[in-house]
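In this note's numbering, the protein residues as written are 29 to 307.
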C-alpha cells in the first residue's frame, strides 16, 4: 500500500510539473506574440510619421527659403532639415525600444546576429511598415494644397530597364546596410554620431549613385508611392523595389558576419534600440 501511494504521489507531481511547463510555454508564446504585435504597431506609426514629414520637407524648404529671402541653391537647407528630422526620429525611436521605418534594417541586424527579434516579429513588421508608408503618403498628398503639391515630388520612377534598375537598388541597399551594420555594431555607440555617419552615407549614395531608380533603398516607401501613382507595373515594382533591396540586404548581412562574425551577446541587444535610422 505504501509503495502504491508513493507511486501515485510521484505521478501526481509529474503531472503537475508537466502542466506547469505547458503553462509556461503557453505564456511565453503569448508574450512573444504580444511583443511582436506591439513592435509592428510602433513601426507602422513611425513609418506613417516619417513619410508625412518626408513629404512636407520640400514645402518646408521653400517656405524657409522665401522667409529668409534666400535665392541661391537651397540644398543646404534641405540637408539641415533632414539632419534635424533624423535626429528627432532617432531619439524617439530609441525611447520606444528601437522602432524603424525601413524593413531592410531589422532583417540586416537579425541576419548579422545582432537582433533579438523573432521571425514572427520580422514578418509582422513588414506589412505594418507598408501600411504606415501608404497611409502617410496618402494623407500628405491629400491634404497638401495644389499650389505646393509639385514640391512634394512624385516618388520613385524606373528610368532604366528592369535589370539595370534591379542591380542599382540591390547594390545601393547592399552598400547602405553594410555601412549601417559596421557603424552601429563596431564603430561607435554614440547615437548622434551614428546618425550623422549614416545620414552622410545615405545622402552620398543618393547624390552620387545612379538615378535610374530614385534611388529609394526602402521597399515600403516605394510601395506607398507606387500605390498612389501607379507609375510602374507590379512586376517592375516587386523586382526592383522589393526583391532587389532585400537581396542586397541579405548579402550585406552575410558578408558582415563572414568578416566580423556574430556580435558578443552583450552587444547583440543594443542595435535593436539604436539601429533603425535608415531613411
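Every residue, glycine too, gets a C-beta built ideally from N, C-alpha and C. It should be emphasised that the depicted structure is a prediction, and the values quoted were computed from it without experimental measurement.
When the Cα atoms are used, what is the spatial distance from residue i to residue j?
i, j, result
"residue 141", "residue 290", "5 Å"
"residue 224", "residue 122", "15 Å"
"residue 245", "residue 97", "34 Å"
"residue 88", "residue 175", "13 Å"
"residue 219", "residue 187", "36 Å"
"residue 105", "residue 93", "8 Å"
"residue 116", "residue 160", "18 Å"
"residue 313", "residue 216", "Because residue 313 is not part of the residues shown, which for the chain are 29 to 307, the question remains open."
"residue 202", "residue 237", "13 Å"
"residue 193", "residue 183", "15 Å"
Ignore the nearest five residues each way along the sequence and tell me which others in residue i's own chain have a CB closer than 6 Å to its CB.
i, result
"residue 85", "109"
"residue 164", "76, 79, 80"
"residue 207", "229"
"residue 281", "136, 139, 140"
Going by other Cβ atoms of all chains shown within 10 Å of its Cβ, with 16 needed for buried, is residue i buried or exposed?
i, result
"residue 60", "exposed"
"residue 54", "The pLDDT assigned to residue 54 is 33, lower than 50, so where the model puts this residue is not dependable, and the model offers no usable value."
"residue 125", "exposed"
"residue 269", "buried"
"residue 250", "buried"
"residue 243", "buried"
Near residue i, which residues of its chain fall below 7 Å by C-beta distance, leaving aside the five closest residues on each side in sequence?
i, result
"residue 153", "67, 68, 71, 131, 134"
"residue 275", "198"
"residue 111", "227"
"residue 181", "86"
"residue 113", "81"
"residue 146", "60, 64"
What are the start and end residues of the alpha helix (DSSP H) that includes residue i?
i, result
"residue 97", "It is not in any alpha helix (DSSP H) - residue 97 carries neither H nor E in the DSSP assignment."
"residue 269", "Per DSSP, residue 269 belongs to no alpha helix (DSSP H) and is neither H nor E."
"residue 247", "247-257"
"residue 197", "190-210"
"residue 157", "147-171"
"residue 229", "219-236"
"residue 132", "132-139"
What does a CB cutoff of less than 8 Å around residue i pick up in its chain, not counting 5 residues either side in sequence?
i, result
"residue 231", "107, 110"
"residue 209", "136, 137, 140, 142, 280, 281, 284"
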